[in-house]
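Protein chains in written order, with the working numbering: chain A, 1 to 186; chain B, 187 to 490.
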């Protein structure tokens, strides 16, 4: 277990910010470990979710915003559902991702690139264009072999469209993205 | 609440692509049960997981655009087959009950939000509004002999304060509908465990491990098929089944149906109307096995 020097790295403003944005009281976590026990991703996490809660109480901003776990959390809501103190842990994971994004951090870059490719597709067409989003991901990561094995299984089924389904109100949707960018830069 | 039989329908983006068989079988089954689904005009993406990892007012705005259109069309209940769309639409509805939050969303939408409609999954509508007994009355070809494990995925029922449907740890709605269709439901301990969700593209290893566990457990229980209610779960379990097999060193070939496809088969709807040919693991062997099993049981009973 790593040693955390509270006198050197504690960031109280960070704790307050996470509490405000998530609407949760992080002091309520008493480290029962229920979230970690039920989290399907613990095997892949660099910091288990209960330790994320503890580091959050200790205001360890840098550690948390750089970690991989917040990008591997799939929001399966197991932690939130099972927390005995009704802490919405999954929402805190979301808020940590929001903050990491604002600081230009992504401990699992490819996960972020995939999510961004998905959203870019929604911004362009109003709905996600599955093949287009995958192509964007492949281009941005250079991982050209991604899911190549699945092509022969799925293409003959006719389930993958080769053209996006643009909606009439796609400009309206694009404006939601634009206004969000504008608001968040204020 | 009286039983609403007209619903605003939100298909979700994957319904036009990788889960088209879920969309068509949902429409076919609802029609057979006398439900009217009116597509939300010009609906847009709910933002799925990626949007709520960016910002909550942003993801709420993407969902609220659709709820607003449904409200303007005078539709009081929105239904969707996809649990990811469901959780976004429901969370959006909850979020805008906070006046301050609502203002932020209205800025992003550049307009005021009316009172937003209720949102429920198609599974909830079938189970609560129609009912397993009425579903059973529509069964013409019971799925006798078919052993299935019902897999709900993680977010159809969680968190309970938001989803307000069935049980967050041991949901039973799909089990009851499958029993109504005549299938044998084998208790499945991993019915709400996460399959790895959208990490399949960026972290195939994570999804292979999680879906591998689901498939391996189901196989150990001796089921003929898995039944799902989620496009992403279905894709991970079906399309990615060989990736899981490779990771685990197994050779499972378990078909993964949408529950609406099996209901449709029990209603004797044509296979084309249910998109059975769209499944990657061919389900016909499982269906034949079930028929033989049912036949053998019948012969044994008659000769006993």
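Backbone N, C-alpha and C define an ideal beta-carbon position, used for all residues, glycine too. Since this is a predicted model, take the numbers as computed values, not measurements.
Query                                                                                                                                                                                     : Result
Could you check which residue in 489(B), 440(B), 490(B) has the C-alpha nearest to that of residue 422(B)?                                                                                : 440(B)
Check residue 330(B) in the structure and name its three-state DSSP category.                                                                                                             : coil
Would a C-beta distance cut-off of 9 angstroms place residue 266(B) and residue 339(B) closer than the cut-off?                                                                           : no
Would residue 307(B) pass as an interface residue toward chain A - the criterion being a Cβ-Cβ separation below 9 angstroms?                                                              : no
Does DSSP put residue 187(B) in a helix, a strand or coil?                                                                                                                                : Since pLDDT at residue 187(B) reaches only 42, below the 50 mark, its modelled position is unreliable, and the value read off the structure follows with that caveat. Of the three classes helix, strand and coil, the one that applies to residue 187(B) here is coil, per DSSP.
For the structure I just gave you, are there three or more beta carbon pairs, one from the region 398–415 of chain B and one from the region 335–350 of chain B, closer than 8 angstroms? : yes
For residue 397(B) versus residue 429(B), is the C-beta distance shorter than 9 angstroms?                                                                                                : yes
Exposed or buried, what is residue 373(B) when buried is set at 16 or more other beta-carbons lying within 10 Å of its beta-carbon?                                                       : exposed
Considering only residues of the same chain and omitting the five flanking positions on each side of residue 489(B), which have a CB-CB separation below 6 angstroms?                     : none
Could you tell me which chain B residues have their CB closer than 7 angstroms to the CB of residue 147(A), listed as they occur along the chain?                                         : 387
Between residue 257(B) and residue 323(B), how many whole angstroms is the CB-CB distance? I'm expecting something under 8 angstroms.                                                     : Contact flag wrong, Cβ pair sits at about 33 angstroms.
Using a C-beta to C-beta distance shorter than 7 angstroms, which residues of chain A count as neighbours of residue 293(B)?                                                              : 179, 183
What's the gap between the Cα of residue 282(B) and the Cα of residue 326(B)?                                                                                                             : 44 angstroms
Taking Cβ-Cβ distances below 7 angstroms as the criterion, which residues of the region 88–99 of chain A are in contact with chain B?                                                     : 94, 97, 98
Note down the Cα distance separating residue 216(B) from residue 18(A), rounded to an integer number of angstroms.                                                                        : 43 angstroms
Is residue 205(B) helix, strand or coil by DSSP?                                                                                                                                          : coil
Quick check on residue 182(A): buried or exposed, where buried means 16 or more other Cβ atoms within 10 Å of its Cβ?                                                                     : exposed
Going by the beta-carbon positions, is the gap between residue 409(B) and residue 424(B) smaller than 9 angstroms?                                                                        : no
Determine the direct distance from the alpha carbon of residue 485(B) to that of residue 474(B), and round the result to whole angstroms.                                                 : 16 angstroms
Which of helix, strand or coil does DSSP assign to residue 277(B)?                                                                                                                        : helix
Nearest by alpha-carbon distance to residue 85(A): which of 114(A), 133(A), 34(A) is it?                                                                                                  : 34(A)
Measure the C-alpha to C-alpha separation of residue 481(B) and residue 212(B) and round it to an integer number of angstroms.                                                            : 29 angstroms
Can you grab the Cα-Cα spacing for the pair residue 306(B) / residue 263(B), in whole Å?                                                                                                  : 7 angstroms
Is residue 70(A) near residue 24(A), with beta carbons less than 9 angstroms apart?                                                                                                       : no
For the beta strand (DSSP E) that contains residue 304(B), what are its first and last residues?                                                                                          : 304–307
Could you please tell me which residues of the region 200–211 of chain B, in chain order, have their CB closer than 9 angstroms to any CB of chain A?                                     : 200, 202, 203, 204, 205, 206, 207
Please list the residues of the region 99–111 of chain A that have a C-beta atom closer than 8 angstroms to any C-beta atom in chain B, keeping them in chain order.                      : 101, 108, 110, 111
Given that a residue counts as buried once 16 or more other Cβ atoms are within 10 Å of its Cβ, and exposed if not, what is residue 65(A)?                                                : buried
For a contact defined as C-beta to C-beta under 8 angstroms, what are the partners of residue 234(B) on chain A?                                                                          : 118, 128
Are three or more beta carbon pairs between the region 445–462 of chain B and the region 166–185 of chain A nearer than 8 angstroms?                                                      : no
Output, in sequence order along the chain, the residues in the region 404–420 of chain B whose CB is closer than 9 angstroms to any CB in chain A.                                        : none
In chain order, what residues of the same chain lie with their CB nearer than 8 angstroms to the CB of residue 348(B), ignoring the 5 residues before and after it?                       : 273, 276, 277, 280
Along chain B, in chain order, which residues have C-beta atoms closer than 7 angstroms to that of residue 137(A)?                                                                        : 387
Below 8 angstroms on C-beta distance, what does residue 296(B) contact in chain A?                                                                                                        : 175, 179
By a C-beta neighbour count over all protein chains shown, 10 Å radius and 16 as the cutoff for buried, is residue 185(A) buried or exposed?                                              : exposed
Counting only the same chain and skipping the five closest in sequence on each side, list residues whose C-beta sits under 8 angstroms from that of residue 229(B).                       : 196, 197, 252, 255
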